[in-house]
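As structure tokens, then:
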């Protein structure tokens with residue numbers, strides 16, 4: 582599974598290859614991800630529910646070098662978007678609550694709770710991304726850096742190690 586897939590991919594990381602592939606300025610850390618193909622899908626009926634099963638094959642593991650500064654810069658972007666999304670969700674919750682208050686004063690507590698829960702849910706998603714594992718973020722960034730070239734070479738699926746572990750159920 583540790584197969585290397587040709588030029589630009591490597592199994593021994595020399596100093597030149599340890600440069601950050603995103604900014605090129607600093608020494609990066611190696612982050613690897615899995616590449617492969619989707620082999621087909623089948624749908625099985627279990628009572629009234631259809632279960633779709635997709636088969637994948639892992640063809641290899643690719644390593645990209647990314648510096649800590651680029652990882653933190655990406656995390657900072659998520660923080661900024663999180664503040665914006667959370668702020669918009671909070672304002673939307675207040676507007677909906679005020680609109681319901683104007684039309685039906687008895688239902689405000691329910692609407693306020695639902696709108697607040699939606700706003701908190703958006704905050705939670707963003708905070709989860711911001712506080713996510715540096716390894717997971719590095720692997721996702723490595724996929725972003727390498728996926729276009731790998732797609733041209735025929736690979737159509739890319740997974741972080743955590744994603745593959747979740748899919749495999751281990």
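Residue numbers (this note's numbering): 582 to 751. Note that the Cβ used here is the ideal one computed from N, Cα and C, for glycine as well.
Original post:
Quick one: is residue 746 buried, meaning 16 or more other Cβ sit within 10 Å of its Cβ, or exposed?
Top reply: exposed
Subject >> At least 3 beta-carbon pairs within less than 8 Å: the stretch 730-743 vs the stretch 663-679 >> reply: no
Original post:
Helix, strand or coil: which one does DSSP assign to residue 586?
Top reply: With a pLDDT of only 49 at residue 586, under the threshold of 50, the placement of this residue in the model should not be trusted, and no figure is reported.
Original post:
Helix, strand or coil: how does DSSP classify residue 740 here?
Top reply: strand
**OP:** Find the nearest neighbour of residue 639 within the set 731, 697, 616 and 699, judged by alpha-carbon distance.
**Re:** 616
Subject >> Element boundaries [alpha helix (DSSP H), containing residue 720] >> reply: 715-733
Original post:
Using 8 Å as the threshold, is the stretch 597-606 in touch with the stretch 640-654, meaning 3 or more CB pairs across them?
Top reply: yes
Subject >> residue 727, buried or exposed, once every other Cβ within 10 Å from all chains shown has been counted against 16 >> reply: buried
Original post:
Does the beta-carbon of residue 740 have 16 or more other beta-carbons within 10 angstroms, so that it is buried, or is it exposed?
Top reply: buried
Subject >> Whole-angstrom distance between residue 682 and residue 676, CA atom to CA atom >> reply: 10 Å
**OP:** Let me know the beta strand (DSSP E) ranges lying completely inside the stretch 600-688, each 3 residues or longer, listed in chain order.
**Re:** 610-627 and 630-647
Original post:
residue 643: buried (16+ other C-beta within 10 angstroms of its C-beta) or exposed?
Top reply: buried
**OP:** Could you say which of 636, 748, 655 and 700 lies nearest to residue 623 if we only look at CA atoms?
**Re:** 636
**OP:** Return the chain-ordered list of same chain residues with a C-beta closer than 8 Å to the C-beta of residue 696, the five sequence neighbours on each side being excluded.
**Re:** 673, 674, 675, 677 and 678
Original post:
How would you label residue 702, buried or exposed, when you count the other beta carbons within 10 angstroms and need 16 or more for buried?
Top reply: exposed
Subject >> Cα-Cα separation between residue 587 and residue 665, rounded to whole angstroms >> reply: Because residue 587 sits at a pLDDT of 44, beneath the cut-off of 50, its placement in the model cannot be relied upon, and the following sentence gives the value as read from the coordinates. Cα to Cα, the separation comes out at about 42 Å.
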